[in-house]
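In the numbering used here, the protein residues as written are 274 to 428. Structure first, commentary second.
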């Protein structure tokens, strides 16, 4: 996605690896908002029109949950010591692949990917209000999909 205005929002020491329109779920779990997701060498950006709503360092990712039923386009980005983002994108596989490889390259360990046996990941989506109350909705360890690891022989 070549967009000069978008490029101005990204820090100069970063290189854009992926950018596309995406649907972000609001806190009510059903209403979706259009956003632009940008993945750079260091960060994941959530952009609303021409304003950065949030930027998450790749190293601060805690994992990703993906819906295994239905359209299989929904996923939740879990963030260490913070609330999550829940998205819907037909390019989910590409997005997850880039995040997995960037995380592995940056952290020298695998980004945990969790499979949710549902069309939605909302049961494992820590909202901002949950986080403020000390509630975490991180998926259990047995939901982890080991074959998603990019570093073989590592967890």
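Note that beta-carbon positions come from the ideal geometry of N, C-alpha and C, so glycine has one too. It should be emphasised that the depicted structure is a prediction, and the values quoted were computed from it without experimental measurement.
Starting from the Cα of residue 395, find the closest Cα among 315, 360 and 317 and give me that residue. Counting from one through the chain shown, the residue named residue 395 turns up at place 122. Residue 360 is the option with its Cα nearest to residue 395.
Please tell me whether residue 400 and residue 357 are closer than 9 Å, where the distance is taken between their beta carbons. Residue mapping note: residue 400 aligns to position 127 of the chain shown, counting from 1. Residue mapping note: residue 357 aligns to position 84 of the chain shown, counting from 1. Yes; because the gap between Cβ atoms is below 9 Å, this pair is in contact.
Beta-carbon spacing of residue 386, residue 310 below 9 Å: Here residue 386 refers to the residue found at position 113 when the chain shown is read from its first residue. Here residue 310 refers to the residue found at position 37 when the chain shown is read from its first residue. No, they are not a contact pair.
Buried or exposed, going by whether 16 or more other CB atoms sit within 10 Å of the CB of residue 415? On the chain shown, position 142 is the one that residue 415 refers to. Residue 415 comes out exposed.
Taking the beta carbon of residue 376 as the centre, do at least 16 other beta carbons fall within 10 Å, making it buried, or is it exposed? Stepping through the chain shown from its first residue, residue 376 is reached at position 103. Here residue 376 is buried: its Cβ has 16 or more other Cβ atoms, across all protein chains shown, within 10 Å.
Distance check for residue 304 and residue 282, CA to CA, integer angstroms please. What you label residue 282 is simply residue 9 of the chain shown in a count that begins at 1. What you label residue 304 is simply residue 31 of the chain shown in a count that begins at 1. Going from the Cα of residue 282 to the Cα of residue 304 covers about 26 Å.
Measuring only the C-alpha atoms, how far is residue 393 from residue 411? What you label residue 393 is simply residue 120 of the chain shown in a count that begins at 1. What you label residue 411 is simply residue 138 of the chain shown in a count that begins at 1. Looking at the two C-alpha atoms, the distance is approximately 14 Å.
Applying the criterion that 16 or more other CB atoms from any shown protein chain within 10 Å of the CB defines a buried residue, is residue 313 buried or exposed? Position 40 of the chain shown holds residue 313. Buried, because 16 or more other Cβ atoms sit within 10 Å of the Cβ of residue 313.
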